[in-house]
Structure formats: structure tokens, C-alpha cells
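Using the numbering used here, the first residue of the sequence shown is number 169, and each one after it goes up by one.
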Amino acid sequence: MHITKFAMNVRLDLISIGLLTILSSSLIYASEPDTSSIQLHEHSNVIANDGQNMHQHGNEIYQLVELENKWLVDDDGQGQLKSALKYWIGTDENKLYLKSHVNRAESASADYDVSLLYRHLLSEFWDIQTGIKHVKDRNPDRSTNAAILGLHGLAPYFFETDAYVEIASNDRVSLILESSRDILLTQKLITQPFIDATISIQDHSPYARRSGLTELNVGLQTRYEISKQVMPYVEFSYRYDKGLKSEQPNDKDTGLYGVGILFKF
């Protein structure tokens with residue numbers, strides 16, 4: 169397997185940063201008592217409204233910031249850096265989300281997307297979500313804007329799930345499913361199976377996708393919670409891409425493995 173000098177340097181930098189982060193974070197939090205809860209793994213900062221009753225949970229405002237960076241390598245030894253930012257603020261009933269993803273394959277320019285979503289509580293376990301999304305592809309002709317409508321919540325067996333329809337300005341309609349679940353190995357070691365799937369419903373864009381299941385990413389991420397704010401992890405996954413209509417059938421699939429770190433504030 170051929171590994172470029174660039175990929176080797178990046179991996180060495182990531183390993184060094186990861187080791188320093190784990191060591192320093194462990195020293196900082198070593199004296200703190202373990203307050204982990206089996207049923208709760210997301211801690212939000214509570215902003216109490218002036219004059220509000222603290223016992224009226226529906227009127228409290230919460231916020232959470234998540235920042236994630238990971239380096240993955242495919243079967244051909246090609247690396248890719250993936251970053252994700254998620255910020256939300258709101259009450260139990262209404263939340264405003266800002267999401268962004270940046271992907272940069274080795275020796276290629278980056279592409280990214282930014283979404284602004286509003287969620288409203290429908291039931292105890294489900295929210296309706298709607299919003300807009302901008303996609304900037306490394307190929308300018310594939311950049312687009314889209315409207316989003318769907319659901320977010322807990323499916324049976326506590327799978328956190330996003331299911332939504334994406335209607336893009338380039339005459340593309342897709343159904344997107346994202347689902348994952350935390351499984352506790354210990355109070356600090358958590359493994360998370362996940363699946364992300366994209367199904368093409370209609371696509372008349374210049375770079376039209378083939379109909380049906382166009383993208384699939386399924387895998388397992390195992391993290392160690394140094395604290396509720398710092399969580400390094402390893403990831404193993406499988407990715408499938410169906411390709412474009414204009415191309416000869418060239419379905420692509422590959423295995424991926426790598427390391428990452430998640431911060432929550």
C-alpha cells in the first residue's frame with residue numbers, strides 16, 4: 169500500500185496532537201470525581217432567562233457546541249480530513265441549529281456544506297425539522313442550495329435518527345437517513361454503530377446521480393470520554409458510491425479507518 173509523504177506527515181502530526189491532548193486532559197481531570205451517567209451523554213450549558221422560573225424547563229434556554237475532526241484512510245492508502253461543527257440553541261420545544269461539514273481529500277481542494285435548521289417538538293421523542301442548506305463542491309458546477317424538511321428523534325432501541333427530504337435548486341430530490349446509537353462498554357468507553365444513506369428520488373441536474381441508493385456509509389466509532397468535553401476515538405467504516413448517470417457503471421466501495429477527536433462545550 170503506497171503512502172505519500174503528505175499523508176505520513178499528517179498522520180504523525182495527528183498522532184502527536186492526540187497523545188498530547190489525551191495526556192494533558194487526563195492530568196486536568198484526574199482529580200475530578202466521575203459523574204458519568206449511563207443514560208445521559210450530552211451536557212448543555214443552561215442560560216437562565218431573567219425572571220423565569222428555573223423549574224419551568226420548557227422556558228429554559230440551552231446551547232451546545234460540538235467540534236469534530238478526523239483523519240480517515242481508504243483501501244488505496246489515500247487520506248481525507250473531515251471536520252464537522254454543530255451549534256444549537258433553544259428550549260425543549262424549539263431549537264435553532266447551525267451545522268457545517270468540511271471534507272478534504274488528499275491532494276485535492278476542499279468541499280463543504282452549511283445548514284441552518286429549525287426544530288419544533290412534535291412528541292416526547294420526535295421533532296420536525298425544516299431549513300436551508302448550501303453545498304460548495306470542489307467542482308463549481310455541482311454547488312447548489314437546498315430546502316430541507318424531515319424528522320429528528322429517537323427511533324426504537326434508542327437510535328438517534330435524522331430522516332429528511334432535500335430539495336436542491338439543481339432539480340435534485342433526495343431522501344437522507346442518518347442514524348446512530350451509543351452502547352456503553354464502561355462509563356467512559358462508548359462504542360457507536362452508525363449508518364448514513366442517501367437515496368435519489370429525482371435528479372435532472374447536469375451531474376445527475378443514478379436512481380435508488382446512491383451513497384452509503386456504515387461503520388463503528390469507539391470513543392473514550394476523558395471528560396464530557398474531550399473525547400478521542402477510533403473509527404472503522406465501509407463506504408459505497410453508486411456514481412453518475414453520465415458515466416459507465418462504476419460503483420465504488422472502500423473500507424475506511426482512522427482516528428479523530430470530538431469536543432463538546
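Every residue gets a Cβ at the ideal spot worked out from N, C-alpha and C, and that includes glycine. Since we're looking at a predicted model, the values are computed, not measured.
Of the listed residues E228, Y286, D243 and N237, nearest to T422 (C-alpha basis): Ranking E228, Y286, D243 and N237 by Cα distance to T422 puts D243 first.
Could you tell me whether the Cβ atoms of L384 and S368 are closer together than 9 Å? no
Could you check what DSSP says for Y375 in three-state terms: helix, strand or coil? coil
CA nearest to the CA of L290, picked from S311, D260, W239 and P374: D260
Mind the definition here: the region 317–336 touches the region 386–401 only if three or more C-beta pairs lie below 8 Å; say whether that holds. Contact fails: fewer than three Cβ-Cβ distances are below 8 Å.
Please state the DSSP three-state secondary structure of N307. coil
Per DSSP, what are the beta-bridge partners of A331 in this structure? L319 and L345
Alpha-carbon spacing of G318 relative to I335, whole angstroms: Distance between the alpha carbons of G318 and I335: 11 Å.
When Y255, Y286, D309 and K432 are compared against P374, the one with the closest alpha-carbon: D309
Quick check: what's the CA-CA separation for Y392 versus M399? 6 Å
Distance, Cα to Cα, L345 vs I363? 8 Å
Pairwise C-alpha distance: G247 and L264: 33 Å
What is the rounded straight-line gap between the Cα of V303 and the Cα of E292? 32 Å
Inter-residue spacing [alpha-carbon to alpha-carbon] between G411 and H320: 28 Å
Our contact map puts L284 next to G299 with C-beta atoms below 8 Å; I'd like the distance itself, whole angstroms only. 5 Å
Candidates G426, F431 and D305: closest to L249 by CA position: G426
Please identify the residue among L240, L253 and I394 whose C-alpha is closest to the C-alpha of A273. Nearest option by C-alpha distance: L240.
Pick helix, strand or coil for N418, following the three-state DSSP scheme. coil
Looking at V386 and the ligand HEM, is the gap between the Cβ and the nearest heavy atom below 8 Å? Ligands displayed in this structure: none; no statement on the ligand HEM is therefore possible.
For the beta strand (DSSP E) that contains S405, what are its first and last residues? Per DSSP, the continuous beta strand (DSSP E) segment holding S405 begins and ends at V398 to D409.
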